[in-house]
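Participant: Residue numbers (this note's numbering), protein chains in the order written: chain A, 2 to 389; chain B, 2 to 389. Where is the CB? At the ideal position from N, CA and C, for every residue including glycine. Shown below is the structure under consideration.
Number of protein chains: 2
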Amino acid sequence: MNATPTVTVIGDGQLARMMHTEAIELGVNLRLLAGARDSSAGQVIADVVLGDYRNLDDLRKVAEGVVTFDHEHVPTEHLHALIDDGIAVHPGPEALVNAQDKLVMREKLQEIGAPVPPFAGIQSVADADAFWDSVDGEVCLKATRGGYDGHGVWFPKSKEELEGLVEKLLGENVPLMGEQKVPFVRELSALVARRPSGEVRPWRVVESVQRDGICVEAIAPAPGMDAGLADYCQSLAVKIADELGVTGVLAVELFEYLDEDGMPQVAVNELAMRPHNTGHWTQDGCVTSQFEQHLRAVQDWPLGDVDQTAPVTVMANVLGGDEDPELPMAQRVREVMERYPQVKVHLYGKTYRAGRKIGHVNVSGQSVVKTREIARSAAHFLVTAQWL
Amino acid sequence: MNATPTVTVIGDGQLARMMHTEAIELGVNLRLLAGARDSSAGQVIADVVLGDYRNLDDLRKVAEGVVTFDHEHVPTEHLHALIDDGIAVHPGPEALVNAQDKLVMREKLQEIGAPVPPFAGIQSVADADAFWDSVDGEVCLKATRGGYDGHGVWFPKSKEELEGLVEKLLGENVPLMGEQKVPFVRELSALVARRPSGEVRPWRVVESVQRDGICVEAIAPAPGMDAGLADYCQSLAVKIADELGVTGVLAVELFEYLDEDGMPQVAVNELAMRPHNTGHWTQDGCVTSQFEQHLRAVQDWPLGDVDQTAPVTVMANVLGGDEDPELPMAQRVREVMERYPQVKVHLYGKTYRAGRKIGHVNVSGQSVVKTREIARSAAHFLVTAQWL
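Here it is as structure tokens:
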């Protein structure tokens with residue numbers, strides 16, 4: 002009996018695409034529920050079922066082996082229905098809700114003693130006013146569901162602006178919460194993978210460089226980080242994975258800020274329960290990539306080593322600009338390869354669109370400054386066809 | 002204009018499968034001519050055309066973008082026909098004939114001054130007798146076409162045995178040559194990749210450990226190798242790639258032997274013009290794997306860095322044994338991962354059969370002895386479900 006194990010991935014984006022890369026080598030059949038055959042993952046995977054992740058019949062049609070996700074948008078009740086059918090779903094709905102609902106997540110994190118900024122659910126303009134007063138106007142307003150990459154986050158500059166926003170958004174049935182703005186010095190990301198049977202492995206903590214709410218760069222390991230704080234971030238991510246019962250990869254996005262004594266501290270910003278943009282560097286900088294580890298974890302296979310294979314690895318996103326240059330992408334790739342033979346190019350098979358993640362590059366080296374420079378220069382050329 | 006570049010691969014084995022792994026990340030559409038959908042590569046690739054590589058119509062139907070190969074068995078005249086159609090074929094038929102015909106290859110290598118053992122074409126029993134005498138009976142008889150993994154090679158112990166073999170094989174229309182047996186101390190492999198426009202990059206020379214004519218292990222770099230000889234092997238492989246006009250990956254399999262003064266020397270054994278078993282270690286031990294480099298080279302893209310990412314990487318083949326153990330392969334993989342979190346498992350989606358290559362493992366480390374031990378132990382368990 003040598004039946005090939007199957008992992009079914011719901012969602013057809015670049016994360017599913019890059020899971021397939023690893024599934025091929027592991028000898029795992031990757032089965033995909035895709036919205037379209039020409040989607041990022043649908044283009045490259047053999048075993049594709051077309052359908053809608055919001056439709057339980059489609060989910061039932063595709064589900065085989067272990068079910069996992071490329072995104073967090075599958076309705077919770079459908080996941081329960083699949084589990085009732087006897088299907089293994091990882092991460093499970095009880096864990097996943099913490100990545101779907103920011104208010105649920107913050108309440109849970111507070112309960113387990115994880116550091117979160119002061120927050121409150123906002124069901125009315127009166128709630129908003131009270132929260133404004135409690136944090137001296139340092140308010141970040143968030144949609145509790147559906148936000149990503151800076152969408153669903155607002156920074157009102159006055160109480161009036163907050164009230165107007167809350168009135169409008171509640172009118173549109175957007176569930177809201179307020180959170181105290183964190184005067185952070187930088188953003189970090191602590192990734193771990195966890196198996197259903199409990200094994201957890203954390204990668205090194207990385208610095209996540211953001212622009213307009215979108216990750217543009219990840220530097221592994223986070224440069225100049227206090228060793229004690231780095232250890233704390235790893236153990237915090239392990240604790241969150243354990244306490245929330247996460248299976249697969251968990252990304253804990255963190256703010257690093259200075260406390261009253263000028264000492265660096267962290268607070269949790271967001272959670273994601275799937276391979277994450279801040280973990281793409283592991284493809285070329287680590288013994289086990291996040292995509293391989295995710296496939297191992299959701300199948301409850303033993304996890305792989307997470308040692309880095311270079312002193313520093315930098316990931317830079319290729320984000321579509323305002324205008325797609327005339328020079329074809331394949332030609333841009335050639336020019337980047339010509340200049341930088343050490344750059345690893347990863348493209349998602351997506352059309353160019355402003356702000357869209359269409360690929361990333363990974364570069365490993367000895368020096369943070371030099372390696373960042375190369376990664377940024379390569380990514381910039383892929384976007385603009387111009388050298389920085 | 003962002004048309005996705007396409008590479009068409011003829012042949013549905015594990016080499017095509019592992020090319021797809023890299024094609025996904027490079028954003029290259031990999032199109033496959035497969036004999037069967039459930040072949041090693043056909044299982045995992047989206048863009049598959051079913052057909053026969055010996056049939057020109059099938060080749061014409063599939064050919065798009067650049068055409069390359071998973072094996073060397075496409076008839077030369079079909080390759081010329083494709084080129085006449087305006088298709089880019091890499092490696093081209095003039096180069097490829099040297100990997101298809103051992104006699105043509107040896108004549109060419111002799112012409113360019115590459116070290117080859119004494120050899121002669123054998124068209125008759127008289128030729129065989131003359132060759133036997135010229136090399137004092139140290140004869141290796143080879144089929145000039147169609148051999149692989151020890152098939153098509155004979156070591157006659159007497160002149161009579163040679164005569165009998167030659168008579169029988171010529172009667173079956175097997176084209177033959179004789180080669181002087183090399184009293185080698187070990188086998189080496191020098192891999193390079195070359196672009197049509199001329200750039201060539203050699204990987205470090207590896208030791209190829211063979212059993213019954215099949216590679217069972219590759220150790221990168223070849224342990225205890227004389228630095229001057231290692232440089233010579235690399236430059237020899239570069240020279241062969243240049244002189245033969247190879248495009249894509251070229252593997253130069255070498256014998257290392259001691260000359261009359263006890264100094265190590267090398268002679269060329271075989272050539273392969275595609276990613277090669279002795280280059281699988283590059284997937285986990287090198288900045289650029291042979292599969293990525295092959296895709297870059299055949300498209301005439303700039304080649305990637307070939308630096309090693311660890312002091313030593315060992316590849317051990319998973320070769321089917323006499324009996325497929327009861328413990329399912331997926332369970333064997335789990336046990337290997339449990340014991341060795343540093344082992345990278347690569348499976349080909351093939352059914353178990355005695356002597357068949359069904360996968361390999363790569364292990365990186367600091368020490369050759371320890372790393373080999375782990376690689377061998379892991380591969381042995383995947384084959385037998387028993388620990389060494």
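Report yes if the CB atom of A/Lys358 is closer than 7 Å to the CB atom of A/Asp285, and no otherwise.
Facilitator: The sequence position of residue 358 of chain A within the first sequence is 357, counting from 1. The sequence position of residue 285 of chain A within the first sequence is 284, counting from 1. No, Cβ-Cβ distance for A/Lys358 and A/Asp285 is not below 7 Å.
Participant: Output the distance between the C-alpha atoms of A/Ser368 and A/Pro312, rounded to the nearest integer angstrom.
Facilitator: Within the first sequence, numbered from 1, the residue matching residue 368 of chain A stands at position 367. Within the first sequence, numbered from 1, the residue matching residue 312 of chain A stands at position 311. So the alpha carbons of these two residues sit roughly 8 Å apart.
Participant: In chain order, what residues of the stretch 137-170 of chain B put their CB closer than 9 Å to some CB of chain A?
Facilitator: Those would be none; no residue qualifies.
Participant: So, under 8 Å CB-CB, B/Thr248 and B/Gly93 are touching, yes? Tell me the CB distance rounded to an integer number of Å.
Facilitator: Locating residue 248 of chain B in the second sequence gives position 247, where the first residue counts as 1. Locating residue 93 of chain B in the second sequence gives position 92, where the first residue counts as 1. At roughly 7 Å, the Cβ-Cβ gap stays under 8 Å, so B/Thr248 and B/Gly93 are in contact.
Participant: So, is the C-beta of A/His72 closer than 7 Å to a C-beta in chain B?
Facilitator: Here residue 72 of chain A refers to the residue found at position 71 of the first sequence. False, the Cβ-Cβ gap to chain B never drops below 7 Å.
Participant: Let me check one thing: in DSSP terms, what residues is A/Val90 bridge-paired to?
Facilitator: Translated into the one-based positions of the first sequence, residue 90 of chain A becomes position 89. According to DSSP, A/Val90 bridges with A/Val68.
Participant: Going by CA-CA distance only, name the one from B/Val175, B/Glu200, B/Leu34 that's closest to B/Val299.
Facilitator: By one-based count along the second sequence, residue 299 of chain B stands at place 298. If we check each option's Cα against that of B/Val299, B/Glu200 comes out closest.
Participant: Quick check on A/Phe156: does DSSP put it in helix, strand or coil?
Facilitator: Translated into the one-based positions of the first sequence, residue 156 of chain A becomes position 155. Coil at A/Phe156, not helix or strand.
Participant: Under the three-state reduction of DSSP, which class applies to B/Tyr341: helix, strand or coil?
Facilitator: Taking the first residue of the second sequence as 1, we reach residue 341 of chain B at position 340. If DSSP states are grouped into helix, strand and coil, B/Tyr341 belongs with coil.
Participant: Identify each residue in the stretch 295-320 of chain A for which the Cβ-Cβ distance to at least one residue of chain B is less than 9 Å, and report them in chain order.
Facilitator: Within the stretch 295-320 of chain A, the residues whose Cβ lies closer than 9 Å to some Cβ of chain B are Arg297, Gln300, Asp301, Trp302, Pro303, Leu304, Gly305, Asp306, Val307, Asp308, Thr310, Ala311, listed in chain order.
Participant: Would DSSP call A/Ser236 helix, strand or coil?
Facilitator: In the first sequence, residue 236 of chain A corresponds to position 235, counting from 1. Note: A/Ser236 maps to helix in three-state DSSP.
Participant: What distance in whole Å lies between the Cβ atoms of A/Ala252 and A/Gly280, which are believed to be in contact at a cut-off of 8 Å?
Facilitator: The sequence position of residue 280 of chain A within the first sequence is 279, counting from 1. The sequence position of residue 252 of chain A within the first sequence is 251, counting from 1. So it is a contact: roughly 7 Å between Cβ atoms.
Participant: Sort B/Glu374, B/Leu34, B/Arg18 by Cα distance to B/Ala219 and report the nearest one.
Facilitator: Walking along the second sequence from the start, residue 219 of chain B turns up at place 218. Measuring from the Cα of B/Ala219, the nearest candidate turns out to be B/Glu374.
Participant: Once you ignore the five residues that flank B/Val136 on each side, which residues in its own chain have a CB closer than 7 Å to its CB?
Facilitator: Here residue 136 of chain B refers to the residue found at position 135 when the second sequence is read from its first residue. Cβ within range, chain order: Pro119, Gln181.
Participant: Taking Cβ positions, are A/Lys103 and A/Lys143 nearer each other than 7 Å?
Facilitator: Taking the first sequence and counting its residues from 1, one reaches residue 103 of chain A at position 102. Taking the first sequence and counting its residues from 1, one reaches residue 143 of chain A at position 142. Yes, they are a contact pair.
Participant: Answer yes or no: does any C-beta atom of chain A fall closer than 7 Å to that of B/Leu1?
Facilitator: Since the first residue shown for chain B is 2 and the last is 389, residue 1 of chain B is missing from the structure and cannot be characterised.
Participant: What does the alpha-carbon distance come out to for the pair B/Lys351 and B/Gln44?
Facilitator: As a first step, residue 351 of chain B is located in the second sequence; it is residue number 350 there, counting from the start. As a first step, residue 44 of chain B is located in the second sequence; it is residue number 43 there, counting from the start. Distance between the alpha carbons of B/Lys351 and B/Gln44: 10 Å.
Participant: Give a yes or no on whether 7 Å exceeds the smallest Cβ distance from A/Met338 to chain B.
Facilitator: Counted from its first residue, the first sequence places residue 338 of chain A at position 337. Answer yes: the Cβ-Cβ gap between A/Met338 and chain B drops below 7 Å somewhere.
Participant: Below 7 Å between beta carbons: does that hold for A/Gly66 and A/Thr145?
Facilitator: By one-based count along the first sequence, residue 66 of chain A stands at place 65. By one-based count along the first sequence, residue 145 of chain A stands at place 144. No; because the gap between Cβ atoms is not below 7 Å, this pair is not in contact.
Participant: Do A/Val29 and A/Asp71 have their C-beta atoms closer together than 7 Å?
Facilitator: Locating residue 29 of chain A in the first sequence gives position 28, counting from the first residue. Locating residue 71 of chain A in the first sequence gives position 70, counting from the first residue. No, these two residues do not count as a Cβ contact at 7 Å.
Participant: Using only the alpha-carbon positions, how far apart do A/Tyr233 and A/Asp86 sit?
Facilitator: Numbered from its first residue, the first sequence carries residue 233 of chain A at position 232. Numbered from its first residue, the first sequence carries residue 86 of chain A at position 85. The alpha-carbon atoms of A/Tyr233 and A/Asp86 are separated by roughly 40 Å.
Participant: Between B/Arg55, B/Glu261, B/Ser40, which has its C-alpha nearest B/Tyr349's C-alpha?
Facilitator: Taking the second sequence and counting its residues from 1, one reaches residue 349 of chain B at position 348. Taking only the C-alpha atoms, the option nearest B/Tyr349 is B/Ser40.
Participant: Exposed or buried, what is B/Phe132 when buried is set at 16 or more other beta-carbons lying within 10 Å of its beta-carbon?
Facilitator: Counted from its first residue, the second sequence places residue 132 of chain B at position 131. Buried, because 16 or more other Cβ atoms sit within 10 Å of the Cβ of B/Phe132.
Participant: Can you name the residues of chain B whose CB is closer than 7 Å to the CB of A/Ile25?
Facilitator: The count along the first sequence starts at 1 and reaches residue 25 of chain A at position 24. Chain B residues near A/Ile25: Arg18, His21, Thr22, Val45.
Participant: Could you name the residues of the same chain whose beta carbon sits closer than 7 Å to that of B/Val126, not counting the 5 residues immediately before and after it, in chain order?
Facilitator: Mapped onto the second sequence, residue 126 of chain B falls at position 125. Cβ within range, chain order: Glu164, Val167, Glu168.
Participant: Does DSSP put A/Met106 in a helix, in a strand, or in coil?
Facilitator: If you number the first sequence from 1, residue 106 of chain A lands on position 105. Helix.
Participant: Contact defined as beta carbons within less than 8 Å: I believe B/Leu80 pairs with B/Tyr54. What is the distance between those atoms, to the nearest angstrom?
Facilitator: By one-based count along the second sequence, residue 80 of chain B stands at place 79. By one-based count along the second sequence, residue 54 of chain B stands at place 53. Not really, about 11 Å apart at Cβ, beyond 8 Å.
Participant: Are any of the Cβ atoms in chain B nearer than 7 Å to that of A/Gly179?
Facilitator: Sequence index remark: in the first sequence, residue 179 of chain A carries index 178 (1-based). Cβ-Cβ to chain B under 7 Å: no for A/Gly179.
Participant: Closest by CA to A/Pro224, which one among A/Gly246, A/Glu257, A/Ser378?
Facilitator: Taking the first residue of the first sequence as position 1, residue 224 of chain A is located at position 223. Comparing Cα positions, the closest option is A/Glu257.
Participant: Is B/Pro365 near B/Thr314, with beta carbons less than 7 Å apart?
Facilitator: The count along the second sequence starts at 1 and reaches residue 365 of chain B at position 364. The count along the second sequence starts at 1 and reaches residue 314 of chain B at position 313. In the sequence under discussion, the amino acid at residue 365 of chain B is Ser, which differs from the Pro named in the question. Yes, Cβ-Cβ distance for B/Ser365 and B/Thr314 is below 7 Å.
Participant: Do you know how far the Cα of A/Ala17 is from the Cα of A/Arg275?
Facilitator: Residue mapping note: residue 275 of chain A aligns to position 274 of the first sequence, counting from 1. Residue mapping note: residue 17 of chain A aligns to position 16 of the first sequence, counting from 1. Roughly 10 Å separates the two Cα atoms.
Participant: With B/Glu339 and A/Pro303 assumed to form a contact (beta carbons below 8 Å), what rounded beta-carbon distance in angstroms separates them?
Facilitator: Taking the second sequence and counting its residues from 1, the one referred to as residue 339 of chain B is at position 338. Taking the first sequence and counting its residues from 1, the one referred to as residue 303 of chain A is at position 302. Rounded, the Cβ-Cβ distance is 4 Å, consistent with contact.
Participant: Pull up the distance between the alpha-carbon of A/Asp260 and that of A/Val186, whole angstroms please.
Facilitator: Numbered from its first residue, the first sequence carries residue 260 of chain A at position 259. Numbered from its first residue, the first sequence carries residue 186 of chain A at position 185. Straight-line Cα distance between these residues: approximately 11 Å.
Participant: Would A/Val307 and A/Leu383 qualify as a contact pair, given that the criterion is a beta-carbon distance under 7 Å?
Facilitator: Along the first sequence, one-based indexing puts residue 307 of chain A at 306. Along the first sequence, one-based indexing puts residue 383 of chain A at 382. Cβ atoms of A/Val307 and A/Leu383: not closer than 7 Å.
Participant: I'd like the span of the beta strand (DSSP E) that includes B/Leu192, first residue to last.
Facilitator: In the second sequence, counting from the first residue as 1, residue 192 of chain B sits at position 191. Its beta strand (DSSP E) spans residues 187-195.
Participant: Write down the C-beta distance between B/Leu189 and B/Val250 rounded to the nearest angstrom, noting that I regard them as a contact closer than 8 Å.
Facilitator: In the second sequence, counting from the first residue as 1, residue 189 of chain B sits at position 188. In the second sequence, counting from the first residue as 1, residue 250 of chain B sits at position 249. Rounded, the Cβ-Cβ distance is 16 Å, inconsistent with contact.
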